[in-house]
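To keep things clear, I will list the structure first and then write my remarks on it.
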Amino acid sequence: MVAPKPRDFDVIVSPIITEKATRILENNQVAFKVAPDATKPQIKSAIEALYGVKVVGVNTVNIKGKNKVFKGIRGKRASIRKAMVTLAEGQTIDLSSGV
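Going by this note's numbering, the sequence shown opens with residue 1, and the numbers climb by one from there.
The following block contains the structure:
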């Protein structure tokens, strides 16, 4: 296991626990919210260091924040970057426990 570096904790913001993110667990994938400037190699090394698993692939998507109106006040949701991490066969990450 590779020791985590301080930057690894900045790359991975949080795991995404939604109905859709739970469905992709069947395909040996896990979804994470990551830093907007994080690259795929940085995400891969951070997941391997923090969770001690073998990562096969990383897919990322940038989601632009939506403009919303709440009680007549205009605002904007934050933009996020999501990473769907494919794990090696037989590897799992327990998201219910802390890092």
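Ideal Cβ placement from N, Cα and C applies to all residues, glycine included. Quantities reported herein were computed from a predicted structural model and do not represent experimental measurements.
First and last residue of the uninterrupted beta strand (DSSP E) at residue i
{"i": "Q102", "result": "Lying before the first or after the last residue shown, residue 102 is absent from the chain, which here runs from 1 to 99."}
{"i": "G75", "result": "73-76"}
{"i": "G57", "result": "55-63"}
{"i": "K66", "result": "Note, K66: premise wrong, no beta strand (DSSP E); not H, not E."}
Cα-Cα separation, residue i to residue j
{"i": "N59", "j": "G65", "result": "20 Å"}
{"i": "L25", "j": "G90", "result": "12 Å"}
{"i": "G72", "j": "I16", "result": "30 Å"}
{"i": "S45", "j": "Q29", "result": "16 Å"}
{"i": "Q42", "j": "V11", "result": "7 Å"}
{"i": "A31", "j": "A21", "result": "6 Å"}
{"i": "A83", "j": "A38", "result": "10 Å"}
Same chain, Cβ closer than 7 Å to residue i, five either side skipped, listed in chain order
{"i": "V13", "result": "K33, V34, A35"}
{"i": "K40", "result": "V58, T60"}
{"i": "G75", "result": "K68"}
Neighbourhood of residue i by C-beta distance below 8 Å, restricted to the same chain and skipping five residues each side
{"i": "V53", "result": "I47, L87, A88, Q91, T92, I93"}
{"i": "L95", "result": "P15, I17, V30"}
CB-CB length for residue i against residue j, believed under 8 Å
{"i": "N62", "j": "R81", "result": "5 Å"}
Own chain partners of residue i with C-beta closer than 6 Å, once the 5 adjacent residues on each side are dropped
{"i": "V55", "result": "K44, I47, E48, V85"}
request  = Give, in chain order, every unbroken run of the alpha helix (DSSP H) that is at least 4 residues long and sits entirely within the stretch 2-49.
outcome  = For the stretch 2-49, whole alpha helix (DSSP H) runs of length 4 or above, ordered along the chain, are 6-11, 19-23.
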